[in-house]
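Asker: Each residue of the sequence shown is one higher than the one before, counting from 75 in the working numbering.
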Amino acid sequence: MTHMTAAEIRQAFLDFFRSKGHEIVPSAPIVLKNDPTLLFTNAGMNQFKDYFLGNKTAPWKRVADTQKCLRVSGKHNDLEEVGVDTYHHTMFEMLGNWSFGDYFKKEAIEWSWELLTEVYKIPKDRLYATVFEGDASENIPASTIALAKWKELIAEDHIVFGNKKDNFWEMGETGPCGPCTEIHVDCRPDSERALIPGRDLVNKDHPQVIEIWNNVFIQFNRKKDRSLEPLPATHVDTGMGLERLVRVLQGKSSNYDTDIFSGTISKVADITGKKYDGSDTKEAVAFRVLADHIRAIAFTIADGQLPSNTGAGYVIRRILRRAVRYYYTYLDYQQPLLHQLMPGLAKQFEYVFPELQQQIDFVTKVVHKEEEDFLRTIDKGLKRIDTLIKDNQGSVIPGKEVFELYDTYGFPVDLTTLIASEQGLKVDEEAFKAEMQKQKDRAKAASKVDAEDWVVLSENGPVKFVGYTELESTTEVLRYRKVKAKGKEGYQVVLKETPFYAESGGQVGDRGWIDFDGNTVEVIDTKKENDLIIQFTEQLPDEIPTTVKATVNSDLRAKTTVHHSVTHLLHAALRNILGTHVAQKGSLVNEHYLRFDFSHIAKVTDEEIAQIEAIVNNKIRENVPVVIKELPKEEALKLGAMALFGEKYGDVVRVVIMDPNYSVELCGGTHVGRTGELGFFKITSEAAVAAGVRRVEAVSGKAAADFVQDELKQLKTIKEQFKNPKDLVKAIEAVQQESADLKKKLEHLENRMLVGIRNELLKKDEIINGITFIGDIVEVSSADALKKLCFDMKNNLNDYVIVLAANIGGKPAVAIGIADTVVAAKQFDAGKWIKELVAPIVKGGGGGQKNLATAGGQDASNLPKLIELIKQQL
Ligand code: SER
């Protein structure tokens, strides 16, 4: 057992490999942006894949690091285990050392042995090594070099042979791979060790005999056809889970008892008033779930992935909601909790993963908002599950109900599955998927276009888009058809060679004209359908000639193009000013303006907007050329291209570069030749559109000039109305002050006037059946004044009924006040009288309380009659 802290243990690893000539590199982001096969980094070697395959030359031959990894989706799906046991995690740190074509098995094994036994001082007799026994079916020999090396270091009965499953490591279906040797440690007490030798428990899922380090010797590339191709060089890839190592070195039987998690656990105890006892109870599981999940949530968000409803974002949302459900149900805590853990976590990792501390406010806000959202529906959702569990005792919860929980209450299917399984139920996942599909189909049907069959005039395809360079084209009609959408008829036309840009990447489809031999038809939109570019028209001539002339509306196109190019400048400026978590979430680009949605939690402040505008306008003034290249995707990504969401790219992509150090984006849109053509840029609005997503609208080119002109015109009018003062703001403030003063004076005067009226009214009292009655028509300027007069009567009279009416600019207003004592004694109800007696007379309506009610109406001719009527009620 050591007294080293987790931080010291991590540092000792890095120091050790630095002393062996390794470069210490930072962890790659835990979120993977450009790998369609993997959402999150799941092994330390992910970021070095290309060095192993020989696609890239490594800048250093020896590297070591600690890598943030996440294993909840894809090949290793551990989420359900996490917290239930004491050693599975969602996020974990993988310590690793690498040789890129440099040292190999001998040194790797020697050094791992030296580190474990001499630096960490793990007793040698507790360690076991596994060695690959070879695989005849794939013609891979046994690892004789590794075996020979281990024989030098360790007793022979501590060497265990393993097959391909345990001792041949593969990254995934394809990619770098090779035999490996694992080091296992037996943490059982001596008495147990004496009974059963540790070697019998290696790789047998024993909680105390565990693998701590895997040394992989990368020698092959697994190809798509499953064959193994030897690599041009051999490499070392090792991985040691820090959490397990710390547990072993600190002599704990649970990862959660180490100082990696104890800080979070005691914070949760402080917040909830509960105590962690390390047991198997639901309460203890909840503590472990929180201690584990908070790390995955915090670091994925810090690395730029927001919780969402799809892909990597949904993985995070699922982890977060699982955590919420655990504290809600088992720690009996019904407020947002996770976000309170964030500062402590950021502090703990300040020196190893500083990205969390750097974005602490942002990450905390995102998590808080997510928690609030889910807490709003969790209670109803849990009650619904309870009912379902009762209704479906011991069997299966139908897919329809699981879908309702997902759609209405935000319960991810795995959370429902988990809760159901706690009560011995299953959920019908297939039927759930079918319900999801149905919803998608319904959405599709709602936007359905009724189309007749295509009339094919020529098979002379494929369609060619020439609109990057041409705005006019003399070409052939390949096909057309009649369509009906939203009750309107129209046509779709496909041309062989078209200058019309089809809507995509946020840019609207081109409009313009097609000239059918002197018969010109307007094109109102252009869209893509598979490989076809479709021009939309309202009519078509009866005769379609062989050759037509297609012309894009160049004015609209030019204005739209300006907004597309400036969107790229804006995107880069947003990332500069707000941070690299800013990712495009949607956009619209047309001739009038641009709209850009992006991930960001806080309001963009006026200062930030000014900075963003300044950066974009500087780039415009720099007049940099807009360079457009068609490149293989990999090369484009090397240039640092920002891939846009939701777009499909082929192998060759179009890259739009506006200063290679400023903006490089994959984009199929139309663009200006140089940024100077954009003229000027102005943000016109900023707002929230969804949780964690902001929207800016902006204009450029002539639209920006027009916008500024309009604003200036308004300003000029305002100045003129203020008689062109030197300082407009001061002039406005002066008027505001004057108006406030006048208002005060007016109120004062009105109050005095009301005092006068009240004194007159008090003289007109009559006593009817023991009640003081006042009824009169008064002259006031508002219904409020009437109400006030009635209300204030209680300060002057005891048992009273007062009815006041006024003719305010031809319209009647009535108020009735009744002393509370009279309401109680006589059951009078001013509100009822207003509705039943007054409203018909004034031809209007009103209402209120028993002691005070008012009415307004259209007919002021019968006010005396009305007063008489109320008087009769007494
Ligand atoms: N790639 C191996 C693993 O993930 C060793 O780093 O286990």
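Yeah, the Cβ is synthetic: ideal placement off N, Cα and C, and Gly gets one too.
Taking the alpha-carbon of GLY775 as reference, which of ALA764, LYS793, ARG748 has the nearest alpha-carbon?
Answerer: Residue numbering aside, residue 775 sits at position 701 when the sequence shown is read from its first letter. When each option's Cα is compared against that of GLY775, the closest is ARG748.
Asker: Please list the terminal residues of the continuous beta strand (DSSP E) segment that includes THR312.
Answerer: The count along the sequence shown starts at 1 and reaches residue 312 at position 238. Element bounds for THR312: 302 to 315.
Asker: Does GLU424 come out as helix, strand or coil in the three-state DSSP assignment?
Answerer: In the sequence shown, residue 424 corresponds to position 350, counting from 1. In this structure, GLU424 counts as coil in the three-state DSSP scheme.
Asker: List the endpoints of the continuous alpha helix (DSSP H) containing VAL809.
Answerer: Counting from 1 along the sequence shown, the entry for residue 809 is found at position 735. 802 to 837 is the span of the alpha helix (DSSP H), which, as asked, contains VAL809.
Asker: Does the beta-carbon of PRO253 have 16 or more other beta-carbons within 10 angstroms, so that it is buried, or is it exposed?
Answerer: Translated into positions along the sequence shown, residue 253 becomes position 179. Burial call: buried.
Asker: CB-CB under 7 Å to PHE28, same chain, minus the five flanking residues each way: which ones, in chain order?
Answerer: Here the chain covers residues 75 to 948 and nothing more, so residue 28 does not appear.
Asker: Alpha carbons only, please: which of LYS756, ARG769, PHE796 is nearest the one belonging to ALA949?
Answerer: An answer regarding residue 949 cannot be provided, because it is not within the stretch 75 to 948 covered by the chain.
Asker: Could you tell me whether the segment 93 to 109 touches the segment 281 to 298, using the rule of 3 or more Cβ pairs below 8 Å?
Answerer: Touching, no.
Asker: Do you know whose CA, among GLY484, TRP134, GLN432, lies nearest ALA376's CA?
Answerer: The residue given as residue 376 occupies position 302 in the sequence shown. The residue with the shortest Cα to Cα distance from ALA376 is GLN432.
Asker: Could you tell me if ASP978 is buried or exposed, where buried requires 16 or more neighbouring beta carbons within 10 angstroms of its beta carbon?
Answerer: Past the edges of the chain, shown from 75 to 948, lies residue 978, and the structure says nothing about it.
Asker: Can you check DSSP and say which residues form a bridge with VAL767?
Answerer: Position 693 of the sequence shown, counted from the start, is the residue given in the question as residue 767. In the DSSP output, where bridge partners are listed per residue, VAL767 has SER673, ALA764.
Asker: State the DSSP-derived secondary structure class of GLU82, mapped to helix, strand or coil.
Answerer: Residue numbering aside, residue 82 sits at position 8 when the sequence shown is read from its first letter. Helix, per DSSP.
Asker: Taking 6 Å as the limit, name every residue whose beta carbon sits nearer than that to some heavy atom of the ligand SER, in sequence order.
Answerer: Going by the Cβ distance cut-off, the answer is ALA117, GLY118, MET119, GLY170, TRP243, ASN288, VAL290, ASP311, THR312, GLY313.
Asker: So, at 7 Å on beta carbons, what are the nonlocal neighbours of ALA81 in its own chain, with the 5 sequence-adjacent residues on each side left out?
Answerer: Here residue 81 refers to the residue found at position 7 of the sequence shown. None.
Asker: Given GLU942, which residues of its chain have a CB within under 6 Å of its CB, disregarding the five upstream and five downstream residues?
Answerer: The residue given as residue 942 occupies position 868 in the sequence shown. Taken in chain order, the list of residues that qualify is empty.
Asker: Looking only at C-alpha atoms, which of SER336, THR679, PHE294, ALA646 sits nearest to VAL656?
Answerer: Position 582 of the sequence shown, counting from 1, holds the residue named residue 656. That would be ALA646, whose Cα lies nearest to the Cα of VAL656.
Asker: Thinking C-beta only, is LEU937 closer than 9 Å to ASN869?
Answerer: Translated into positions along the sequence shown, residue 869 becomes position 795. Translated into positions along the sequence shown, residue 937 becomes position 863. The answer is no: Cβ separation not under 9 Å.
Asker: Report the residue from LEU644, ALA397, ARG399, GLU226 whose alpha carbon sits nearest the alpha carbon of TYR736.
Answerer: Translated into the one-based positions of the sequence shown, residue 736 becomes position 662. Minimum Cα distance to TYR736 is reached at LEU644.
Asker: Would you be able to state if there are at least three C-beta pairs under 8 Å between the segment 400 to 417 and the segment 436 to 446?
Answerer: The segment 436 to 446 is in contact with the segment 400 to 417.
Asker: Straight-line CA distance for THR308 to ASN171?
Answerer: Working through the sequence shown from its first residue, we reach residue 308 at position 234. Working through the sequence shown from its first residue, we reach residue 171 at position 97. Rounded to whole angstroms, THR308 to ASN171 spans 14 Å at the Cα level.
Asker: Rank ARG145, PHE423, ARG399, VAL763 by C-alpha distance to the C-alpha of GLU454 and give the top, closest one.
Answerer: If you number the sequence shown from 1, residue 454 lands on position 380. The sequence shown places Lys at residue 454, rather than the Glu named in the question. Ranking the options by Cα distance to LYS454, first place goes to ARG399.
Asker: How many angstroms separate the CA atom of THR140 from the CA atom of GLY118?
Answerer: For the purposes of this step, residue 140 is identified with residue 66 of the sequence shown, where counting begins at 1. For the purposes of this step, residue 118 is identified with residue 44 of the sequence shown, where counting begins at 1. Approximately 8 Å, taken between the alpha carbons.
Asker: Looking at chain D, is there any beta carbon in it that lies within less than 9 Å of the beta carbon of ILE463?
Answerer: Of the chains in the structure shown, none is chain D; there is only one protein chain.
Asker: May I have a chain-ordered list of the alpha helix (DSSP H) segments no shorter than 4 residues that lie completely inside the segment 140 to 199?
Answerer: You should have 179 to 188.
Asker: Would you say LYS341 and GLY418 are within 9 Å of each other, going by their C-beta atoms?
Answerer: As a position in the sequence shown, residue 341 is number 267, starting the count at 1. As a position in the sequence shown, residue 418 is number 344, starting the count at 1. The answer is yes: Cβ separation under 9 Å.
Asker: Of the residues GLY743, ALA805, LYS556, ALA559, which one's Cα is nearest the Cα of GLU577?
Answerer: Within the sequence shown, residue 577 is the residue found at index 503, counting from 1. It is GLY743.
Asker: Rounded to whole angstroms, how far is the Cβ of ARG769 from the Cβ of ARG669, which I believe are closer than 8 Å?
Answerer: For the purposes of this step, residue 769 is identified with residue 695 of the sequence shown, where counting begins at 1. For the purposes of this step, residue 669 is identified with residue 595 of the sequence shown, where counting begins at 1. Sure, about 6 Å apart at Cβ, within 8 Å.
Asker: Within 10 angstroms of the Cβ of LYS149, are there 16 or more other Cβ atoms? Answer buried if so, exposed if not.
Answerer: What you label residue 149 is simply residue 75 of the sequence shown in a count that begins at 1. Bear in mind that the predicted position of LYS149 carries a pLDDT of just 47, short of 50, making it too unreliable to give a figure here.
Asker: Inspect the CB distances between the segment 886 to 896 and the segment 920 to 929 and report whether three or more fall short of 8 Å.
Answerer: Judged by Cβ distances under 8 Å, the segment 886 to 896 makes contact with the segment 920 to 929, as three or more pairs qualify.
Asker: Quick one: using the 10 Å Cβ neighbour count with 16 as the cut-off for buried, is ARG553 buried or exposed?
Answerer: One-based indexing of the sequence shown puts residue 553 at position 479. Classification of ARG553: buried, given that the 10 Å Cβ count is 16 or more.
Asker: Does the pairing of the segment 482 to 493 with the segment 458 to 472 give three or more beta-carbon distances under 8 Å?
Answerer: Enough Cβ pairs lie closer than 8 Å, so yes.
Asker: CB-CB under 7 Å to ILE598, same chain, minus the five flanking residues each way: which ones, in chain order?
Answerer: Counting from 1 along the sequence shown, the entry for residue 598 is found at position 524. Closer than 7 Å at the Cβ level, and outside the excluded window around ILE598, lie ARG585, PHE610, THR611, GLU612.
Asker: In the DSSP output, what is GLY921 paired with across the bridge?
Answerer: Translated into the one-based positions of the sequence shown, residue 921 becomes position 847. DSSP lists THR928 as partners of GLY921.
Asker: Exposed or buried, which one is LYS297 when buried takes at least 16 other CB atoms within 10 Å?
Answerer: Taking the sequence shown and counting its residues from 1, one reaches residue 297 at position 223. Under this definition LYS297 is an exposed residue.
Asker: Take LEU31 and list the residues in its own chain whose beta-carbon comes closer than 8 Å to its own, dropping the five residues that flank it on each side.
Answerer: Outside the shown range of the chain, which is 75 to 948, sits residue 31, and nothing can be said about it.
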